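Take a look at the structure below.
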Amino acid sequence: MSAGGVWVFKNGTMELDHEAGTTKKALVYVPANETIRTLEMLERRLGSLGWERYYEDLAVVQLHKRDGSIDLISVPRDFSRLRSTHMYDIVVKNRGQFKVVDVQASGSTSSSTN
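If you're matching positions, the sequence shown starts at 701 in the numbering used here and goes up one per residue.
Now the structure itself:
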């Protein structure tokens, strides 16, 4: 299996840089066109959609649907560690409510998925 990234030379050796050449992603709450920037913002939006905290853990926050469905969302407590895989999980489990966008260096965004 091939890992994503770009091969670069560092200190005379060739290393795979997983961050180089990748585009940063952002999670957007579609109804308000609001970029989710904190765990509190995310929990507030998910709470309005019927999600609530499921389990207390120092590393992750887990949320489940109040209606008793088996869906579970796990996100890192440290929001800076939120990755595109977490974002797409939120999008899939809340169709039409969130989308993932590419973030350019200038701060503008372009749609990546709905």
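All C-beta atoms, glycine included, are put in the ideal place defined by N, C-alpha and C. Computed from a prediction, not measured in an experiment: that's the story for all the values here.
* To do: Just mark W709 as buried or exposed, buried being the case when its beta carbon has 16 or more other beta carbons within 10 Å.
  => The identity of residue 709 in the sequence shown is Phe, whereas the question assumes Trp. Exposed.
* To do: Reducing DSSP to helix, strand and coil, say where L782 ends up.
  => coil
* To do: Please report the residue range of the beta strand (DSSP E) in which R753 lies.
  => Run containing R753: 751 to 756, per the beta strand (DSSP E) assignment.
* With 16 as the cutoff for other CB atoms within 10 Å, does V801 come out buried or exposed? -> For V801, the number of other beta carbons within 10 angstroms of its own is at least 16, and it is reported as buried.
* For G750, which residues of its own chain have a beta-carbon under 7 Å away from its beta-carbon, when the five flanking residues on both sides are left out? -> K765, R766, D767
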